[in-house]
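Okay, so here's the structure we're looking at.
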Amino acid sequence: MRDTVPELGDLRERLDAARSVTVLTGSGISAESGLPTFRGVGGLWRTHRVEELASPQGFARDPRLVWTWYNERRNAHKSVEPSPAHVALAAIEKRVPDFTLATQNVDSLHLRAGSRNVLELHGNLREAKCTRCDARRPFDDAFDIEALEHECGGMWRPDIVWFGESLPAEVLAAAFDAARRAELMLVVGTSGIVHPAASLATKRVTRAYVVEINPEETALTAQVDQSIRARASDVLPGLA
Ligand code: BV8
0 MRDTVPELGD LRERLDAARS VTVLTGSGIS AESGLPTFRG VGGLWRTHRV EELASPQGFA
60 RDPRLVWTWY NERRNAHKSV EPSPAHVALA AIEKRVPDFT LATQNVDSLH LRAGSRNVLE
120 LHGNLREAKC TRCDARRPFD DAFDIEALEH ECGGMWRPDI VWFGESLPAE VLAAAFDAAR
180 RAELMLVVGT SGIVHPAASL ATKRVTRAYV VEINPEETAL TAQVDQSIRA RASDVLPGLA
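If you count the sequence shown from 1, position 119 lands on 118 in my numbering, and the numbers rise without skipping.
Here it is as structure tokens:
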């Protein structure tokens with residue numbers, strides 16, 4: 000049961016007036032769908048640090064362990080539904096002339112909710128790619144961790160951006176362009192720790208009025224224009 004309707008200030012008026020809106024989301028918006036956040040449970044998966052597993056070094060060290068983790072996450076993605084917050088962002092997109100959704104999430108929930116202009120900054124788990132050639136294949140069902148070699152001699156890996164890896168150049172450029180021209184930016188469900196994604200919401204990059212929606216303080220709280228201490232589903236459906 001919701002105790003109070005979060006104080007939105009003039010956010011509704013700003014959203015109605017904005018021609019150009021950019022939204023940055025993180026795993027907190029998918030917590031509403033039942034998925035664990037990236038650093039939830041102390042940033043651990045079983046006994047391993049997620050930053051370790053989500054890295055080329057972690058994959059080189061133990062590809063079967065890393066694929067076991069991604070198999071579990073892919074199955075979890077398929078077993079949940081977009082949250083009211085994901086659906087609300089898709090509805091808001093229809094009303095805004097120039098709307099961009101940059102997500103750090105790899106769960107495809109924004110696309111499943113109907114969002115159209117989605118920039119997947121860190122990739123997604125719908126496909127796997129070869130470490131050596133440019134072969135790709137769908138990642139719909141769990142990968143057989145005993146059959147990870149590709150015929151070219153490379154190895155199948157999830158098609159996502161690991162720590163220490165560059166983000167896809169064209170996706171990142173589009174995200175920076177969107178942040179630069181935005182009049183209003185919403186930052187939803189991210190701890191603001193990971194760069195360059197988090198930098199999109201900083202005054203170095205955007206001149207937008209930046210509103211954060213998060214039940215907790217984050218690395219961005221000190222520099223946003225408005226920080227609404229609430230869950231995404233307590234705020235976004237009302238805005239939509
Ligand atoms: C790059 C895909 C370099 C994987 C991810 C040392 C060595 C190497 C690199 C670095 C280093 N130090 C710094 C770096 C840079 C590094 C970085 O930023 N590290 C951090 C940890 C300090 N960045 C990189 O490595 C990036 N690449 O810099 O390249 C380079 C440069 C030039 C040339 C070559 C190379 C690549 C970063 C991408 C990493 N991949 N994901 C996977 O998913 O398995 S990042 C990962 O973190 C996820 O994508 C996740 O989305 C993202 C951010 O985390 P959050 O989404 O914010 O999740 P978190 O749990 O932290 O927070 C959840 C929030 O939700 C909380 O605030 C919570 O309060 C809130 N919440 C909870 N419930 C709700 C809610 N909010 C609203 N409603 C709710 N109901």
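Note that beta-carbon positions come from the ideal geometry of N, C-alpha and C, so glycine has one too.
Contact under 8 Å by Cβ, residue i with residue j
i    : j    : result
S82  : I28  : yes
R135 : D158 : yes
N116 : L100 : yes
G163 : R131 : no
T277 : S190 : No answer is possible for residue 277: it lies beyond the span of the chain, which begins at 0 and ends at 239.
R72  : F138 : no
A75  : L34  : yes
Integer-rounded CB distance, given that residue j should sit under 8 Å from residue i
i    : j    : result
Q225 : L10  : 7 Å
V193 : Q103 : 6 Å
A112 : V86  : 5 Å
V186 : A200 : 5 Å
S114 : E92  : 6 Å
D97  : R206 : That pair is no contact at about 14 Å.
I212 : A231 : 6 Å
Local conformation of residue i per DSSP, three classes
i    : result
L10  : helix
S82  : coil
G237 : helix
S202 : It is Lys, not Ser, that sits at residue 202 in the sequence shown. Here K202 sits in coil by DSSP.
M0   : Summary for M0: the model assigns pLDDT 47, below 50, so the residue's position carries little reliability; its value from the coordinates is reported in the next sentence. Looking at M0 - three-state DSSP - the assignment turns out to be coil, as it is neither helix nor strand.
Q103 : coil
E71  : helix
H47  : strand
L64  : helix
D15  : helix
S26  : helix
Close Cβ partners of residue i (< 8 Å) along its chain, the five nearest in sequence each way excluded
i    : result
V204 : F175, A178, R179 and S198
L7   : I227, V234, G237 and L238
Proximal residues to residue i (C-beta, below 6 Å), its chain only, five neighbours per side dropped
i    : result
L166 : L120 and V160
T21  : T99, A177, A178, A181 and M184
A173 : L118
P236 : P83 and A87
Contacting residues, own chain, Cβ-Cβ under 7 Å from residue i (five flanking each side not counted)
i    : result
W66  : F142, I144 and L147
T36  : S26, G27 and A30
R156 : F58, A127, K128 and T130
Q222 : T201 and K202
L108 : S29, S32, P81 and H85
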